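Scroll down for the structure; my scribbles are underneath it.
Chains as they are written, first to last, in the working numbering: chain A, 1 to 287; chain B, 1 to 180.
Spelled out as structure tokens, the structure:
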């Protein structure tokens, strides 16, 4: 009698374990076994720029980018210049990444015949472990248009042609469609023309705000604004804003935009925006 | 009476420690290249799979862990086609028909049947694979099958339609070890 009870108990156990095994989902078991890994968020922005402001996106190692940017004349010139299209300021930029997480670029822009060299480096990416994309950006600009004839009681030195910008770019992709960026910026301008800037602010601090909202998988709405805290109230320049749309087609991104700045170099648009709204575009091609 | 009890005890033990084989670094490969265009090829070295002694198999893979040679292609794969932030993983649940670890030989042909789930959409899969015993406690499973983007409601815009193959080839190569 005693044995019978034990046998029944075992039979029951047997049934029970097979029953549990069948119910136990193998996929759930897999889930428990797989170690959690760092999951990086997809990039917050499609292109290397939001509009004028640098985005946190960086070229991947070995990528070559060709970026052609146009900024036309002010829309307010009307039909006389066909809404500014007669006066194009062209910037051609070549960009390459030799090593992972760092890119270099050289460019030439018609506005003040400026040559620029820039470097951008990744500090950290947004992931399930860290909430932000952090990127550092630095650029050196040389104005080759400046001419001694413009000045009467001032001797132009070569150093006066240079301006610099240093930025920390912090962005977060809040959702599939919405990303936002903050860009604390330092600008150094070696030359300050007091008739234009009011006071001599060689070193300027500015804060940029930029965002994008994806309208569809390949089209997004972008906007940005930069507040320059060091601007004198008598300065003839304005804080720059830019808004537009990004259209992505395979290896190209087209950025159609409106901006009140004529330059698309950082010292140019953050310190020297004329304030008249104009049409422009960036065409980004990756090879 | 004692004998009967002993047999029952053994069978209970067996079902409690039902043998399973497992990997978390299986190799999965995607190919969707067409002639005359840049190759579309991605690999994933962190596929996980589990196989029971009865041949039941479950496998899962993180879409974001697929690596492409061209970073932009990888970004488009995740954002525009697979939507990996919404559907982070693909799973497979099925059986290896006639699986028996103790009778495994080298390059034994087997039939793999089951349901592949990608982007939350199920698709029945049947494929011929090969199993090789690699040690007393491990074996290697290789198989391939074809799926189409339409199977999982992936829309391909007309501008790139010529660059992406109509059928995507998936190769798997997993070495599963006895799970303790």
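We put the CB at the ideal spot given by N, CA and C, even for glycine. Here the structure is a predicted model, which is why all the values come from computation and not from measurement.
- Cβ proximity to chain B below 8 Å picks out 217 and 218 from the segment 201-221 of chain A.
- The beta carbon of residue 117 of chain B sits closer than 6 Å to the beta carbons of 91 from its chain, once the five residues preceding and following it are set aside; these are given in chain order.
- If you draw a straight line from the Cα of residue 207 of chain A to the Cα of residue 270 of chain A, it comes to about 9 Å.
- Residue nearest to residue 72 of chain A within the set A/272, A/284, A/260 and A/286 is A/260 (criterion: CA-CA distance).
- Residue 137 of chain A counts as buried, since no fewer than 16 other beta carbons sit within 10 angstroms of its beta carbon.
- Under the criterion of beta carbons closer than 8 Å, residue 262 of chain A and residue 141 of chain A do not qualify as touching, at roughly 14 Å.
- Looking from the CA of residue 132 of chain A, the closest CA among A/152, A/115, A/183 and A/96 belongs to A/183.
- Within 10 angstroms of the beta-carbon of residue 240 of chain A lie 16 or more other beta-carbons, which makes it buried.
- Between the alpha carbons of residue 200 of chain A and residue 274 of chain A lies a gap of roughly 18 Å.
- Around residue 211 of chain A, the same chain offers 50, 178, 179, 180, 181, 222, 223 and 224 as residues with beta carbons nearer than 8 Å, after the five sequence neighbours per side are excluded.
- Apart from the 5 residues on each side of it in sequence, residue 248 of chain A sits with its Cβ closer than 7 Å to the Cβ of 46 and 218 in its chain, given in chain order.
- Ranked by Cα distance from residue 280 of chain A, the options A/98, A/286, A/258 and A/91 are led by A/258.
- One thing to note: residue 30 of chain A has its Cβ no nearer than 9 Å to the Cβ of residue 143 of chain B.
- Straight-line measurement puts the Cα of residue 104 of chain A at about 14 Å from the Cα of residue 115 of chain A.
- In this structure, residue 39 of chain A places its C-beta atom within 9 Å of the C-beta atom of residue 64 of chain B.
- Judged by pairs of C-beta atoms under 8 Å, the segment 68-82 of chain B does not touch the segment 94-111 of chain B, as fewer than three such pairs exist.
- Under a 10 Å Cβ-count criterion, residue 168 of chain B is classified as buried, with 16 or more other Cβ atoms of the shown protein chains found around its own Cβ.
- The contact set of residue 60 of chain B on chain A, defined by CB atoms closer than 9 Å, consists of 27, 30, 31 and 34 in chain order.
- Residues 39, 40, 41 and 165 of the same chain have their beta carbon placed closer than 8 Å to that of residue 33 of chain B, with the five preceding and five following residues left out of the count.
- Taken through DSSP and simplified to helix, strand or coil, residue 79 of chain A comes out as helix.
- Of the candidates A/109, A/130 and A/41, A/109 places its Cα closest to the Cα of residue 143 of chain A.
- Within the segment 37-120 of chain A, the runs of beta strand (DSSP E) at least 3 residues long that lie entirely inside it are, in chain order, 64-74, 89-99 and 102-109.
- Beta-bridge analysis with DSSP links residue 62 of chain B to B/89.
- Cβ-Cβ separation between residue 188 of chain A and residue 171 of chain A: approximately 24 Å, too far for a contact (criterion under 8 Å).
- Considering only A/62, A/228 and A/276, the residue with the shortest C-alpha distance to residue 267 of chain A is A/228.
- Here the alpha carbons of residue 256 of chain A and residue 127 of chain B stand approximately 49 Å from one another.
- Note: residue 173 of chain A is bridge-paired with A/179 in the DSSP secondary-structure output.
- Around residue 81 of chain A, the same chain offers 73 and 87 as residues with beta carbons nearer than 7 Å, after the five sequence neighbours per side are excluded.
- By a beta-carbon distance limit of 8 Å, residue 36 of chain B does not contact residue 60 of chain A. Their separation comes to about 24 Å.
- Of all alpha-carbon atoms in A/93, A/55 and A/284, the one lying nearest the alpha-carbon of residue 121 of chain A is that of A/55.
- Residues of chain B with a Cβ closer than 9 Å to the Cβ of residue 249 of chain A are, in chain order, 157, 159 and 160.
- Sequence-ordered contacts of the segment 165-198 of chain A with chain B read 176 [C-beta pairs closer than 8 Å].
- Here residue 72 of chain B carries a helix assignment [DSSP, helix/strand/coil].
- Assigned with DSSP and collapsed to three states, residue 143 of chain A falls in strand.
- Taking 3 residues as the shortest admissible run, the segment 75-152 of chain B contains the following complete beta strand (DSSP E) segments, listed from N- to C-terminal end: 89-97, 108-118, 121-135 and 138-147.
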